[in-house]
Each structure stands twice: as C-alpha cells, then as structure tokens.
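Chemist: The structure that follows is given in the form of structure tokens.
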Amino acid sequence: MKYFQQDIECASREKIEAIQNEKIVKQVKHAYDNIPYYRSLMDQKGVKPEDIKGIKDIYKLPFLSKYDLREQYPDGLLAVDKKDVVRIHSTSGTTGKRVIAYYTENDLDLWADCTARAIVAAGGSKEDVVQIAYGYGLFTGGMGLHDGARKVGCMTLPMSSGNTERQIQFMHDLKSTILCCTPSYAAYLGEALKESGLTTKDINLKAGIFGAEPWTESMRKDIEKSLGIKAYDIFGLTELSGPGVSYECEEQAGMHINEDHFYAEIINPETGEVLGDGEKGELVLTSLDKEAFPLIRYRTRDICILNKEKCKCGRSFIRMAKPMGRSDDMLIIRGVNVFPSQIETVLLEQGYTPNYLIEIDRVNNTDTFDIYVELTSEQFSDTIKDVSLKEKELSNALKTMLGINPKTHLVAPKTIARSEGKAVRVNDKRKLID
Ligand code: AMP
Ligand code: ZN
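Okay, so the sequence shown: first residue is 991 according to this note's numbering, each after it adds one.
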C-alpha cells in the first residue's frame, strides 16, 4: 500500500484541473450565498459568482486573512446551519479572540482522507500501530491524525502530548511503528528513550509524521537517528482544516499539496500580486470543498515556494517547500502560535507598560520562552518585596491567553534597550531554517 487514494494522488494534471474548476465554481457560490460578510467583500470588489468560471478566475476574488476572522468572530464566516456542524477546532488569534474553525461530518471525512494519505505516504497500512502524541482537543493535530489513522485501519494510540514516561512505555510495550507529534516533542522523546536505558533496537518505530511548527533538516537527522526512523513533514493550518493540507512522501523533497481539496497560490505579501512558478512569496490557500468554513484565498502568512516538477514517488500533486518564515509577526513556540499583540493585551490588562522583550531559544530541541517586562519607578518600589509572586501572577495570566507558560521576569525601569526605530520586541535565537 503506497498510496491511500492512488486514482487522485497520481491523477493527470487535466483531471486535477477539472476537479478544481468544478469545485471552485460551487465553492464561490456557496460562500457568496451563505456568508453575508463574504458576499459584501465580493460586492466591494465588483465580482459576482458568475464571473468565476474555473480556477483560472480565482485571481478576481478578494483575499481573506486572520483580520477577517477576528472581525467575524465567532461565527460570521460559518456557511452552514449550526445543526450541521459536528465539531470545532481553534487556534490563536492575533489578540484575545481565538480563531474558531467549524466542520460538518463531510468536512471531517475529507480531512481524514488527507491525513490518511500522509500516513500511507509514510509507509503506513492496516498493519501499523500509530502513536499519536500531538495534543488532542482544540488543537487540530491530535484528532486530525487520529481520524486519518483510523481510516487507514491502523491500531491507533490516542496518547495526546505529555506524560513522556508513559509514551516510552507504550511505544515499547505496544510496539508502535509510527509516531505522530510535533518535531520538538519527537526530539524530546528521542532523548527520553535514551535516558530510559532503551535503544532504537528495543522499539519498533519505523516512521514519524511531524509538523505544526518549523523544523530544520538537521533536526530531522537528529530525530531520525535518536528514534531509528524516517521522519516525514506534514503541513496545515486550523483555518483550512488542520494538518494534511500537504504531506511528504518517501522522497522527503517537499510536501505534496492535496490539490483536489486545496488550491495554492504564491503572492507578493506587500502588493498581493500573484507570483510565477518557483517564486518565493506568501502562500495563499483556498479550501475547494469545505462546507462549514469555506475559506477562499486565505492568506496563510507562511513564506514558501511551490514546485510543479513531477515527483519520483508517482504522485502528481505539486509540492511546497518547508515554510521559510512568516510575513507577519507570529511566533510558533513549542508548537503553539503566539502573537506579540496577545502578550501586549495581557500586559495592559494587568497594569504593566508595553515595554517588554520576548526571548526565545531552542535548547536540546526544546523551545525556551522568556518575557522581560519593565516596571515603572512606582511599580518598582511597590513590587520589590514580592517580585516572584507578581511574576507568577503575570505568568498565569499569560498562560491563560497563550496556552503555554512563559518564564516572566519583572525588571527594573529602563533596563530594556530602547530602539531608535521600530521597537524590537522579539529576540528569537532559534535556528528555524537550514
Ligand atoms: P495551527 O493552525 O495552530 O496549526 O498553525 C498553523 C501554522 O503552523 C501554519 O500557518 C505554519 O506557520 C505552521 N506550520 C504548520 N505545519 C508546519 C510545518 N510542517 N512546518 C513549518 N510550519 C508549520
Ligand atoms: Zn512525492
């Protein structure tokens, strides 16, 4: 079993285009008829559903971004009756309002096809034991891979993330063959395996499917060695469904985009101009058949390159390179999206000034996350006695907003360097691309 759905994964270009042509016409009409906000965006641009006769007309349509999602929070972009929604997932927004994505039964079914394709591309079949150590819950990683593994017929271990000792124990005792989690956690599990006194010979892992955050080729080599596996990349975002928008094959040379469900464009992030084949720019994705949350021309903010060359694996889907950065200020720390604006919101709510510095590093493949917050002179004299208590309170408030726990440091007035130009709020010392 090399392909999950060979007829489509290896389809001719003509067939893929025919599918896209048919789906985009339907999708635009669906969004226009059912989302008043989207209708007004199209009206403002002077474009009607009838103007979209095929995928080549997509450039006529407006872009959507996290801004629109925030404007329409929580359900202004929902395109079906709520009774037809069977699940939601959620990820960080730019401030306090999170992004909520909705799914019908059919949406979940098609998304599971996407992750099933990724599992089979990584060598998975009914014979496999898939250990899912992505978080379950609002995050798309756990349930996204879970539904795909179930479709392939694998024995699925819904471990969720954390509880590392138990992960190693189950990996050993239940003979897991495929591990799915963030690359940082995979690296951590590699170290934990060694610390537990086991070697790669004592376990049965053969492959891993890792994504949700940037990781380098050297990190891939580390993980492959420490767990004795072949490590595959997987990409996706909550707004478009979750992991499985694209997936790597055995060639490990870019991720195949599931083009029957997603249409990809690369644009100049400054001007919005669509760029030509092989050019580097911002990835824009259109969901061609999502019913509940049909985002069209969604600006992912991921900087990327598309590759249309035929792949040796036999799949005809185009490939995207690993994302090479962002065209906004979003950080991904321990697999969680963090916006500096979220941190600022909390600081102001808690009565601090917005003079702060975020410092991130990757030590032993795990992200460190420190926030330095400057006190005013009054706060400084009031706080000095109970700094650690105040730091703890602020860390808790930040954890509630961000979903991860930063180490907070309250520092004396005027200790954070002032910049002469734009304020420098982030010092990211990690090496995220090769
Ligand atoms: P979320 O919706 O919270 O899962 O976050 C989606 C974002 O995570 C994407 O827009 C990317 O910036 C990032 N991301 C997801 N998968 C990968 C990957 N394989 N490599 C690099 N970044 C990724
Ligand atoms: Zn391939």
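For every residue, glycine included, the Cβ atom is placed at its ideal position computed from N, Cα and C. It should be emphasised that the depicted structure is a prediction, and the values quoted were computed from it without experimental measurement.
Where does E1364 land, buried or exposed, given buried means 16+ other C-beta within 10 angstroms?
Modeler: buried
Chemist: Ordered along the chain, which non-local residues of its own chain (more than five positions away) have a Cβ less than 8 Å from that of Q1157?
Modeler: Q1121, A1123, M1149, L1179 and A1182
Chemist: Compute the distance between the beta-carbons of Q1017 and L1278, then report whether it is under 8 Å.
Modeler: yes
Chemist: Is E999 close to the ligand ZN? I mean its beta-carbon at under 7 Å from any heavy atom of the ligand.
Modeler: no
Chemist: Runs of 3 residues minimum, wholly inside the stretch 1244-1276: which ones carry the beta strand (DSSP E) assignment?
Modeler: 1245-1247 and 1252-1257
Chemist: In terms of alpha-carbon separation, which member of E1095, K1038, G1086 and P1052 lies closest to R1060?
Modeler: The residue with the shortest Cα to Cα distance from R1060 is G1086.
Chemist: Is V1414 buried or exposed, if buried means 16 or more other CB atoms sit within 10 Å of its CB?
Modeler: exposed
Chemist: Buried or exposed: where does P1026 fall if 16 or more other Cβ atoms within 10 Å of its Cβ makes it buried?
Modeler: Burial is judged here by how many other beta carbons sit within 10 angstroms of a residue's own beta carbon; P1026 has fewer than 16 and is exposed.
Chemist: Take every Cβ of the stretch 1294-1309, pair it with every Cβ of the stretch 1037-1045, and state whether three or more of those distances are shorter than 8 Å.
Modeler: Judged by Cβ distances under 8 Å, the stretch 1294-1309 makes no contact with the stretch 1037-1045, as fewer than three pairs qualify.
Chemist: Which same chain residues, not among the five before or five after D1074, have their C-beta less than 6 Å away from its C-beta?
Modeler: So the list reads T1094, once near-sequence residues are dropped.
Chemist: Hey, how far is the Cα of T1228 from the Cα of G1234?
Modeler: Rounded to the nearest angstrom, the two C-alpha atoms are 10 Å apart.
Chemist: How do the stretch 1047-1058 and the stretch 1287-1299 stand: do at least 3 beta-carbon pairs fall below 8 Å, yes or no?
Modeler: yes
Chemist: To test your reading of the DSSP string, which unbroken beta strand (DSSP E) runs of 3 or more residues are found completely within the stretch 1121-1172?
Modeler: 1145-1147 and 1168-1171
Chemist: Label A1106 either buried or exposed according to how many other C-beta atoms from any shown protein chain fall within 10 Å of its C-beta, with 16 as the threshold for buried.
Modeler: buried
Chemist: Would you kindly work out how many angstroms separate the C-alpha atoms of F1295 and L1275, rounded to a whole number?
Modeler: Going by the sequence as given, residue 1295 is Ile instead of Phe. Going by the C-alpha atoms only, they are around 13 Å apart.
Chemist: Within the continuous alpha helix (DSSP H) that includes T1390, where are the two ends?
Modeler: Unbroken alpha helix (DSSP H) run through T1390: V1377 to L1392.
Chemist: At what residues does the beta strand (DSSP E) containing T1398 begin and finish?
Modeler: Its beta strand (DSSP E) spans residues K1397 to V1401.
Chemist: Indicate whether I1350 and S1317 have their beta-carbon atoms separated by less than 8 Å.
Modeler: no
Chemist: Look up M1310 in the DSSP assignment and give the residues it is bridged to.
Modeler: M1245 and L1296
Chemist: What is the DSSP secondary structure of R1077, counted as helix, strand or coil?
Modeler: strand
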